[in-house]
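Single-structure report; data block below.
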Amino acid sequence: MPLIENGKLVEDRFTRVADEDEALPASTPVLVSLDRFLKEEEALKSANVEVGLIWPNNKPIAEIAPYLPRLALVALNFPTFRDGRAYSQARLLRERLGWKGPLRAVGNVLRDQFLIMARSGFDQIVPAKEADARAFDEAMHSYTVFYQPTGDGRKSLLRARLGRSATRKGTTGEAA
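With UniProt numbering as the guide, the letters of the sequence shown map in order to residues 1 to 176.
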C-alpha cells in the first residue's frame, strides 16, 4: 500500500501489527491499535522501538494525551468515506493537544478527501488505491481560496480580505 508523506510517495517504515497473536517485530517501528497498545504497553516500552498508535474515531481524542510523549506516530481512522470524525480529531490533536509529530490518515481514504485532510493537519495519508496516490499533487492544487480557517498556514478568504483592505488603508492589517 502506498504512503503519501508531505506530498511525496514514500516507503512506510512502520510495520502494522494486527491485534491477534502476531509477534512484535524486534527492531522496526510498529503501528498498533489502541487495544494492542494498552494490552502490551510494557512490552512495547521494553522493545525500545518507535510506536505508532491507531486511534479509533469513536473515542474522544483528548484521551490520547497521556500517551503522546511515548508515540512516534498517530494514525486516525476513516472507516467509511462518509465518516468524518477523524477530521475533528486531527484538528483537536494539532490545535489543542499540540501534537507536532506525524499524523496519518488510514482506512477508507479517497482522492476527493486529500485536500481537506492536509488542511486538517494530516501529513501522512494511506490512500485506498495506488492511482489515488499519484493524483495527490493535483488534489492539493485544486483550490486556492478557502472559507474555513485551519492550522495549515493558508489564510481563509476573510483573513486575506481583512489583510488586503487594512493594508490599503495604511494600517497594520490587524482585525478589529
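The beta-carbon is built from N, C-alpha and C at its ideal position, and this holds for glycine as well.
A residue is called buried when at least 16 other Cβ atoms come within 10 angstroms of its Cβ; Val126 meets this threshold and is buried. By the beta-carbon neighbour count (other beta carbons within 10 angstroms, threshold 16), Ser120 is buried. For Asn57, DSSP assigns no beta-bridge partner whatsoever. Leu158 counts as exposed, since fewer than 16 other beta carbons sit within 10 angstroms of its beta carbon. Judged by pairs of C-beta atoms under 8 angstroms, the stretch 72-80 touches the stretch 54-62, as three or more such pairs exist.
Between Ile116 and Gly7, the alpha-carbon positions lie close to 13 angstroms from each other. About 16 angstroms separates the CB atoms of Leu3 and Gln113; that is not less than 8 angstroms, and the two are not in contact. Going by DSSP, Ser46 is part of the alpha helix (DSSP H) stretching over Glu41 to Ala47. Nearest C-alpha to Ala62 among Val30, Trp99 and Ser33: Trp99.
Proximity to Lys39 across Pro29, Leu24 and Glu50 peaks at Leu24, based on C-alpha coordinates. In its chain, beyond the 5 residues on either side, Leu97 have a beta carbon closer than 7 angstroms to the beta carbon of Ala65. The continuous stretches of alpha helix (DSSP H) do not include Ser27, and DSSP gives it neither H nor E. Counting of Cβ neighbours within 10 angstroms places Arg70 among the exposed residues, the total staying below 16. About 7 angstroms separates the CB atoms of Val32 and Val51; that is less than 8 angstroms, so the two are in contact. From the listed residues Gln148, Arg161 and Glu130, the smallest Cα separation to Val10 is found for Glu130.
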